[in-house]
Structure formats: structure tokens, C-alpha cells
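Residue numbers (mature numbering (1 follows the signal peptide of the UniProt record, and there is no 0)): -30 to -1, 1 to 509.
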């Protein structure tokens, strides 16, 4: 018995190195039966991917010089397409077979019907990497082929990355060593969520140069126009809402009826709400509309008119800000169906608090166009002038002087009077209906919301025409010219001087006869004196 046991132990001892070797071989084989694929997502500014230069050929290994910036928040899924790839190789070379699968994936938006999903989706994180582990190296006795597709991305990505077909095995460089840690670099381009500016026509009309610096200057109540372009994401069809909000500063209001979205139909493709400030608007796009879906990855153009109102700040830049919100809702099945009838007045953004929104994020939190970082257009300014009515000699302030605002030519001749009504100036050759401005108890009054004098051309100037003087003062006989100068309003007041009337009583008073009689007596005395003096001289 002991001899038999000793033989068994001896055999096991002799076999142990072989067992260890076999086990190691099985472990190595198991490791080579799967691969890990790292997708390094890169994003380029719009148009820059063609300048880097790009495209660069993926090598399967890490590429520090690929270009672009890491992009987090991109969702990828992987599909097995081994059977289709093998079938295509019967009549195509490998490049043609790969191109056919890519084309099928694009046509299907994500993956074609013959593709089999493998594992769960992965979202890029850290340095923009999505890692897929334990992908089988082989399928049905042959090497496997995989399709990687991008299914979601940040809100300002204009176009999704092209589908990637990976056929195994992949080798390291020019060696025969199989690469089981594969690195691939899909790329995106990002666009601005919103671009905003005054229209070219408005810029030409409002531009004025003061001390070598250009400003946009306008009179209150006079409409001018803004233009916005907003980028629709490539995957707009997967969104449940896409909304643009534009809110002017105090002193500026949007003329709501002028808001237009190019190539889209109001009521069918979008609706317009009044924003919470009551000065701006919200455009809610129908993300199920074929016309909206056709703009996926493109930009939509919006134009609208605004005016400065009577409460506009003087000599301070007035602007408006815009941002985009897009994403999904918690319960898509409860989302209202189009057509949607907007309320006549909406106090805030049109959301359903019982169906919370899940907003998308931009590629970079600092990218403009989000609610946290809205975009603005150029600042617009309006001017004003302060006046003080005073006595010429004493400097005492005078109340009750009444003026009309006018424009005069180089000869100080009135060419138009101003009527201010409903926050808007109308200039016409009609003195009777022109607005009156009156000095108060301190002799002060002001005229606000005017263009700067630097914008007036052809020798034209602003002027005040006095049509009623303070009691006891003579009416000014000529228009009083003045200039509206940027930044003068806060510190400069123009004094307008009046002269007291003489001591003669008004025409028609009884006292006039006493003065006439006294004058007659004096004249008679002068004649008598003259004749006597002449007679004495002759003697």
C-alpha cells in the first residue's frame, strides 16, 4: 500500500510542471479570445477637422497627435455584424464590405436590422473615452466583426461620428502580434448653439462714429432688427423638446408679430410664447415635424424686430440675451401632441412640472448658448438732453416755459417738428400737433430717447422752439439749437435764457393815454423852446 501511494505521489510530482504549463496555456488562450476597444472621442471646432490635417488613419494604438479635444457625454453602442461581413466578402473585398455595412448603418440611423447588439451602451468620460471590454475575438469559427455607432452626443454637436466597422484580428504595428487592447478615434465637429447679431441693414442704419469709436444708436420707438442662427443637433429626432428663449434688457421690447423662422411654418413647425419678462419671446419647435427633422445638424435662421421704449437707459448699452434648451422628458408618452395652441400670455417657459425635463448639455460647460451662459448681440444706445430755463440777468430758474422739439437746417430754419406719442417720435412739418415740453418749478425739463447729433447729416441740428414764455418774459424769437452728445446726459444741462419784458403796460390798458399825453406836452414844449431860441438868434 505504501509503495503504491508512493508511486502515485511520484507521478503527480512529475506531472505538476506539465499541469502548470497547460493551465498557463489555457489562460493565455482565454485572454486572446477577447479584446478591449477604447473609443477616444475627439471634437473639433466647426470646419477645423479638415485643417488639422484630417482624416488620420486609425492605427489601433494610442495616438497622441490625433487632434481635437476630448469629448465627454457621447453615447456609443456596439453591434456584432460578423455574419453579414462574411457574406459580403463572397462578392466584395474587405473595403467594399466595410463600406456597405457603414452605409447600411447610416441609412438605419444607428444599426441595420442584421446587426446584433452586444452588451450595454457606454458613455465617454474622463478624457473622452468609452471602453468596451470582453468582446469575443471569434464568432462561429471565424474572426468577429463589430459595428460601433454613436447614439447620443452633447447639444452643440452638429454631426455624429461616422459608424466604425472593426474587423478582427488587429495586429500591433507591422508585427504578427495580435492587439487585444485596441484604440480608435471617432471625431465630431461642434457648432455654436446660437449666433446672434444685428442685421446688416440695421447696422448700416444705426451705426455712428464718435471719437473714433463705432456705436449703434437709435431713437426710441423706431424698429430695428436682430438675426439669430441656432444649431439643431444631428439627433433632433431623439429629442422631446427644442426651445429658444430671447429676453431683451429693460428698455427694449420685441415686436412679437415680427418673429419669423426661415423655411418653417408657424403653428405647424413651431409656436411662439411670450417670455416671463413680457418683453421677449420663446420659440417651441415641433421636433416631430418633417421640416424640422430635415434641418438636423444644420442651422435655423430667426429674425425679429425690436424697439427701445421710453424707459430705456440713457447712454448705456442695451442688449438682449438668447439661449437654447433641448433634451428629453421623463415620460415621453405624456408629451403633448402637435398642433399645440400656445396661450396668449405665458409667464415662464412652457414646461410641464409633472413631466420633468432631462436637459442635454453642451460639449463644454463654458460654451455659450445655454441658460447658464446666454449669448448677446451688439449693444444699442439712445441719447437725451437736459435743459434749464433761467433769467438772463439774475440766473433765477423759470417755470412755465413751453417748447416744441424741432430739427433745423444750417440756416436755423425749422424743417420738422417732433410729436411724441405712445413712446415713439414722429417728425413732420406740423407745429400744431407737435409735443410740448414745459419747464418745471425748478426750471428744468428733459427730452429723452433721441439719436446722437453725430448721426444727423446735411447741417441738420436739434432745436427748441419756444411758443410760450414764462409770465413777464419775452418770447424767444429764434430756435435754440442744441447737441445730443454721448455721455453728456448725466453731467451736462443746457441753460436757456429769457429776458424780462419792458415796463410798458400791455396794449389796450388805460395807462397808455397818460403816457401819450405826457409825450405830447413834452413835444410841444420842445417846439416852443426851439422857436424862441431861433428868434433870439435872428435878433
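Cβ atoms here follow ideal geometry from the backbone N, Cα and C, with glycine treated the same way.
Annotation for residue 71: the continuous alpha helix (DSSP H) segment containing it runs 64 to 77. Taking all protein chains shown into account, residue 427 has fewer than 16 neighbouring C-beta atoms within 10 Å of its C-beta and is therefore exposed. Between residue 99 and residue 8 the beta-carbon gap is near 6 angstroms, inside 8 angstroms, which marks them as a contact. Put simply, the backbone Cα of residue 403 is about 56 angstroms away from that of residue 331.
Closest option to residue 85, judged by alpha-carbon separation, among 74, 94, 93 and 92: 74.
For residue 386, the enclosing beta strand (DSSP E) stretches over residues 384 to 391.
Contact between residue 191 and residue 288 does not hold, since their C-beta atoms are separated by about 14 angstroms, which reaches or exceeds 8 angstroms. At a Cβ-Cβ threshold of 8 angstroms, residue 197 and residue 169 count as neighbours. In this structure, the CA atom of residue 139 is about 20 angstroms from the CA atom of residue 89. By the 16-neighbour rule on beta-carbons within 10 angstroms, residue 456 is buried. With the rule of 3 Cβ pairs closer than 8 angstroms, the stretch 363 to 381 counts as touching the stretch 413 to 426. With a cutoff of 8 angstroms on beta-carbon distance, residue 193 and residue 275 are scored as near each other. The stretch 213 to 233 and the stretch 291 to 302 touch, with three or more beta-carbon pairs separated by less than 8 angstroms. Scanning the stretch 237 to 285 for uninterrupted beta strand (DSSP E) segments of 3 residues or longer gives 240 to 244, 251 to 255 and 269 to 278, listed from N- to C-terminal end. Buried is the label assigned to residue 249, since at least 16 other Cβ atoms lie within 10 Å of its Cβ.
In this structure residue 310 is exposed. Its beta-carbon is surrounded by fewer than 16 other beta-carbon atoms within 10 angstroms. Here the stretch 427 to 447 does not lie against the stretch 263 to 272, with fewer than 3 beta-carbon pairs under 8 angstroms apart. Boundaries of the alpha helix (DSSP H) harbouring residue 52: 52 to 58, taken from the DSSP string. Contact fails between the stretch 35 to 50 and the stretch 62 to 72, because fewer than three Cβ pairs, one in each stretch, are under 8 angstroms apart. A direct Cα-Cα distance of roughly 26 angstroms separates residue 202 from residue 171. Per DSSP, the continuous alpha helix (DSSP H) segment holding residue 176 begins and ends at 170 to 176.
In the DSSP assignment, residue 298 falls within the beta strand (DSSP E) that extends over 290 to 299.
Under the three-state reduction of DSSP, residue 159 is assigned to strand. For residue 354, the three-state secondary structure derived from DSSP is strand.
For residue 354, the closest of 184, 464, 134 and 450 by C-alpha to C-alpha distance is 464. Cβ-Cβ separation between residue 117 and residue 133: approximately 6 angstroms, consistent with a contact (criterion under 8 angstroms). Excluding five sequence positions before and after residue 326, the CB atoms of its chain that fall closer than 6 angstroms to its own CB belong to 300, given in chain order. Annotated three-state conformation of residue 35 is coil, per DSSP. Considered as a whole, the stretch 83 to 110 harbours 86 to 93 and 99 to 106 as its complete beta strand (DSSP E) runs of no fewer than 3 residues, in chain order.
Comparing alpha carbon positions, the residue from 421, 176 and 66 closest to residue 348 is 176. Under the three-state reduction of DSSP output, residue 406 falls in the strand class. Secondary structure note for residue 398: its beta strand (DSSP E) is the uninterrupted segment 394 to 398. Put simply, the backbone Cα of residue 359 is about 18 angstroms away from that of residue 458.
Sequence-distant Cβ neighbours of residue 95 in its own chain, meaning closer than 7 angstroms and more than five residues away, are 42. Under the DSSP definition of a beta bridge, residue 450 partners with 434. Looking at the backbone, the Cα of residue 225 and that of residue 65 are separated by about 57 angstroms.
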